[in-house]
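Visitor: Numbering (the working numbering), first residue to last: 1 to 221.
Glycine included, each C-beta is placed from N, C-alpha and C at the ideal position.
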Amino acid sequence: MTKGLDPSAEMRDSGVEWIGEIPVSWIIAKAKSCLSFSNARNSGNQEAQVLSLYREYGVIPKSSRDDNHNRTSEDTSDYKNVRPGDLVINKMKAWQGSLGLSEYEGIVSPAYFVYRVNQRSIEGRYLHYLVRSIPYAQRWNALSYGIREGQWDLHREDFESDYLIIPPLLEQRRIVSYLDERCADIDEAISRQEQLIERLGEYRRSIIHHAVTGKIDCTEA
Numbered sequence: 001m002t003k004g005l006d007p008s009a010e011m012r013d014s015g016v017e018w019i020g021e022i023p024v025s026w027i028i029a030k031a032k033s034c035l036s037f038s039n040a041r042n043s044g045n046q047e048a049q050v051l052s053l054y055r056e057y058g059v060i061p062k063s064s065r066d067d068n069h070n071r072t073s074e075d076t077s078d079y080k081n082v083r084p085g086d087l088v089i090n091k092m093k094a095w096q097g098s099l100g101l102s103e104y105e106g107i108v109s110p111a112y113f114v115y116r117v118n119q120r121s122i123e124g125r126y127l128h129y130l131v132r133s134i135p136y137a138q139r140w141n142a143l144s145y146g147i148r149e150g151q152w153d154l155h156r157e158d159f160e161s162d163y164l165i166i167p168p169l170l171e172q173r174r175i176v177s178y179l180d181e182r183c184a185d186i187d188e189a190i191s192r193q194e195q196l197i198e199r200l201g202e203y204r205r206s207i208i209h210h211a212v213t214g215k216i217d218c219t220e221a
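1. Find out if the Cβ-Cβ distance for the pair TRP140, PHE113 is shorter than 9 Å.
2. With distances taken from CA atoms, which of ASP217, PRO167, ARG182 is nearest SER25?
3. How about ASN81 and ALA48: do their beta carbons lie closer than 9 Å?
4. If we count the other Cβ atoms within 10 Å of its Cβ and call it buried at 16 or more, is HIS210 buried or exposed?
5. Go through its chain and collect everything with a Cβ distance to VAL50's Cβ below 8 Å, but skip five positions before and after it.
6. Let's see if you can read the secondary structure: which residues bound the beta strand (DSSP E) around LYS32?
7. Where does LEU99 fall in DSSP's three states?
8. Out of GLY58, LEU170, ARG12, point me to the one whose CA is closest to ARG120's CA.
9. Using the beta-carbon count (16 or more within 10 Å), is ASN42 buried or exposed?
10. From VAL88 to MET11, what distance separates their C-alpha atoms?
11. Please state whether DSSP places GLU21 in a helix, a strand or coil.
12. With a Cβ-Cβ cutoff of 9 Å, do GLY100 and LEU53 count as a contact?
Shown next as structure tokens:
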């Protein structure tokens with residue numbers, strides 16, 4: 001899972017069925033012992049930056065993208081304050097991976113959960129990767145419920161009572177370094193493919209244009 005860790009490290013039973021085995025030097029702890037719920041409100045600061053939570057990107061400024069059509073309330077006094085390093089959770093879409101650590105200061109919908117890391121033994125970026133990983137997405141799915149599947153809620157008490165996997169701090173940093181590097185490589189490859197697709201689309205449109213305007217001799221086809 002991570003560069004710099006011994007692949008033959010001794011394992012032990014975590015004691016939590018859905019987690020299974022973990023390295024002997026790792027621990028598990030309930031979320032409520034590592035995170036503090038924050039209910040701090042904006043109190044009418046109209047200059048506060050509105051943040052959005054994306055499944056693909058995590059927490060980012062809403063103004064940085066043009067595909068978010070959720071309307072910001074004219075009165076943002078009830079919006080929740082977010083500081084860099086805070087964990088933000090969309091309780092209705094956590095099971096889809098809509099949660100993550102913020103790198104920005106701003107405000108979010110009052111429907112979101114905001115938590116502050118209260119343990120120096122936890123690297124924020126590690127927590128970000130952990131809670132967005134496939135096993136945790138499946139766990140949030142198992143804990144979420146409601147009348148309609150598309151609007152299942154992850155309830156605060158269920159999240160806080162569940163467990164986080166915590167390696168020693170040095171290993172957390174190694175995991176983060178490894179994942180930052182690998183994810184950057186993947187993002188670059190995706191960007192190259194998107195550029196190629198865009199160029200091919202332009203070429204396709206050009207071929208169609210030239211064919212229908214008589215600029216290509218289609219009898220040779």
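Guide: This is what the structure gives:
1. no
2. PRO167
3. yes
4. exposed
5. PRO61, LYS62, SER63, THR72, THR76, TYR79, GLY106, ILE107, VAL108
6. It is not in any beta strand (DSSP E) - LYS32 instead sits in the alpha helix (DSSP H) that spans 31–34.
7. strand
8. LEU170
9. buried
10. 32 Å
11. strand
12. yes
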